[in-house]
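Q: Before I ask anything, here is the structure I am working with.
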Amino acid sequence: MLLDLDRYDITELLQRWSDGDTAARNALFDAVYLPLRRTAQQAPRQGETFTVSALVHETFLRLSASEAANFRDRTHFAAVCVLAMKGVLVDQYRRRQTRGEALPLAAASGLGDTATQQFDLRNAIAELGELRPEQADALTLRYWGGLDLAQIAAELKCSISTVQRDLRKAEFFVRTRLHETQQPPS
19 MLLDLDRYDI TELLQRWSDG DTAARNALFD AVYLPLRRTA QQAPRQGETF
69 TVSALVHETF LRLSASEAAN FRDRTHFAAV CVLAMKGVLV DQYRRRQTRG
119 EALPLAAASG LGDTATQQFD LRNAIAELGE LRPEQADALT LRYWGGLDLA
169 QIAAELKCSI STVQRDLRKA EFFVRTRLHE TQQPPS
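Numbering follows my numbering, with no gaps: position 25 of the sequence shown is 43.
Below is the structure:
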């Protein structure tokens, strides 16, 4: 699992936080900072102004605004972390689209094809999220969160076969969109 929280008693910290213990909340964020940072490094992002640290900090802000009682256990908290991170990325994409910002040329940015591919991937997942949020969430939990099928099914409150179907459809959608963006204009 990319967000490896196994070394900490996350469930206990979550319970103490829900009981109003701010020290537990701080300990929880200390415990998840490095695993969340590793997950953020795997997340598709674009542009030199949006760093891993900025993504982690914005995710923390969103988690701080969450009610601690909403976190059932370690797996649920990990899933919420990953979905919060995805939300940060989608919101950033929407802000850039609203302002009419285009992807900087790879040569000018020095980021090469990888940045373009990351941007296209994020764009495809954001589009999928608008059309089929459950498929986008399953894809996010699987590939960014590292959850297995049973964990995703539990988190999304559906069957494993539904998760498998959603993942197949999501992967097809994303591959199709990525293929379309790689085609030269006619």
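Just so you know, even glycine gets a beta-carbon here, dropped at the ideal spot from N, CA and C.
When we look at the beta-carbon of L52 and count the other beta-carbons within 10 Å, is it buried (16 or more) or exposed?
A: Per the 10 Å Cβ criterion, exposed.
Q: Inspect the beta-carbon positions of T40 and M103 and report whether they are closer than 8 Å.
A: Not closer than 8 Å, so no.
Q: Assuming S177 is part of the alpha helix (DSSP H), what are its boundary residues?
A: Where S177 is concerned, there is no enclosing alpha helix (DSSP H), given that its DSSP letter is neither H nor E.
Q: Going by DSSP in three states, D155 sits in which element: helix, strand or coil?
A: Correct three-state label for D155: helix.
Q: Please confirm whether H94 has its beta-carbon closer than 8 Å to some beta-carbon of chain D.
A: The question asks about chain D, but that chain is absent: this structure has only one protein chain.
Q: Buried or exposed for R160, going by 16 or more other Cβ atoms inside 10 Å?
A: Label assigned to R160: buried.
Q: Taking Q110 as the reference, give the member of L79, A144 and H197 with the closest Cα.
A: Out of L79, A144 and H197, A144 has the C-alpha closest to the C-alpha of Q110.
Q: Anyone know if the C-beta pair for R101 and D155 falls short of 8 Å?
A: Sequence check: residue 101 is Leu here, not Arg. Yes, they are a contact pair.
Q: What would DSSP say about F89, mapped onto helix, strand or coil?
A: Residue state, collapsed to three classes: coil.
Q: For T29, I'd like the list of residues in its chain whose CB is within less than 6 Å of its CB, leaving aside the five on either flank, ordered along the chain.
A: Here the set comprises D91 and R92.
Q: Considering Cα atoms alone, identify which of L73, S82 and T69 is closest to A45.
A: Closest option to A45, Cα to Cα, is S82.
Q: The ligand COA and Q169: does any heavy atom of the ligand fall closer than 7 Å to the residue's C-beta?
A: The ligand COA is not among the ligands present in this structure, which contains no ligands whatsoever.
Q: Would you identify the three-state DSSP class for D109, choosing helix, strand or coil?
A: Helix.
Q: Whose C-beta lies closer than 6 Å to the C-beta of L31 among residues of the same chain, with five residues either side of it excluded?
A: Contacts found: A42, A45 and L46.
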